[in-house]
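Heads up: the structure comes next, in structure tokens.
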Amino acid sequence: MLKKIIASIAALALIVVVLLFIVIQYVKPTESLDLTYREISISNKIADIILSRKLEVRLTEDDINQLLKKQLADHSTLPHDFRLEGAKLNMAGSLINADVNLRWQNKIPIGAHAMFFLSWESPNLVIQHQSTQIKSLQLPSEWLQMAPVEIPLQSYLPKLIGIKNVVFEDKAIVVQLKALQ
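Counting from 1, position 23 in the sequence shown corresponds to residue 23 in full-length UniProt numbering; the numbering is continuous, with no gaps.
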């Protein structure tokens, strides 16, 4: 009788370990991502302004990627003991689709897909987290909800230039400028 109980407990423990292994393999990231970024300088795009004869700067998808990675690196600690470790962002107008690498409780690596919405709320570009899914499983928003992140675009400009408006294009953001007095 005691042998049957011990064998049952051992079999149950083995099943739990195998199931945990399967779950960890299922959620692990498929590619290595990081949050390294390079600083961008909007003021370096003055030559583009002169050539186009328009008082506007076009931020490419790569520029936006660098800006967002910087903000995500500064806000990498997430609720429920998650930490953001890497991201690869793709822009589609005001929507950002991101492949992200997370770590739960500093132990379990997780590959996920997150959706963000960009908006212009003068004087900030605001990043609002919309949803997160792991493979085909949609996570409830209360499990992994990031607070809105604000990027002060004005801080990237020379002192005598302000921002008139921001227009979201498919793979770029056009920052329309104005002269300050």
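Cβ atoms here follow ideal geometry from the backbone N, Cα and C, with glycine treated the same way.
By alpha-carbon distance to Thr30, the top candidate from Leu144, Leu102 and Ala147 is Leu102.
The residue from Leu35, Thr132 and Val126 with its alpha-carbon nearest to that of Lys88 is Leu35. Ser119 sits in a strand when the DSSP states are folded into three classes. Pro148 and Ile9 have their C-alpha atoms some 47 Å from each other. Three or more Cβ pairs closer than 8 Å define a contact, and the region 15–34 meets that threshold against the region 96–111. Secondary structure at Gln128: strand, using DSSP grouped into helix, strand and coil.
The beta carbons of Lys135 and Tyr26 sit about 7 Å from each other, so the pair counts as a contact at 8 Å. Contact check for Ile108 against Ile24 passes: the beta carbons are separated by less than 8 Å.
At the C-beta level, Tyr156 and Ser52 stay beyond 8 Å of one another. The bridge partners DSSP lists for Phe168 are Ile173.
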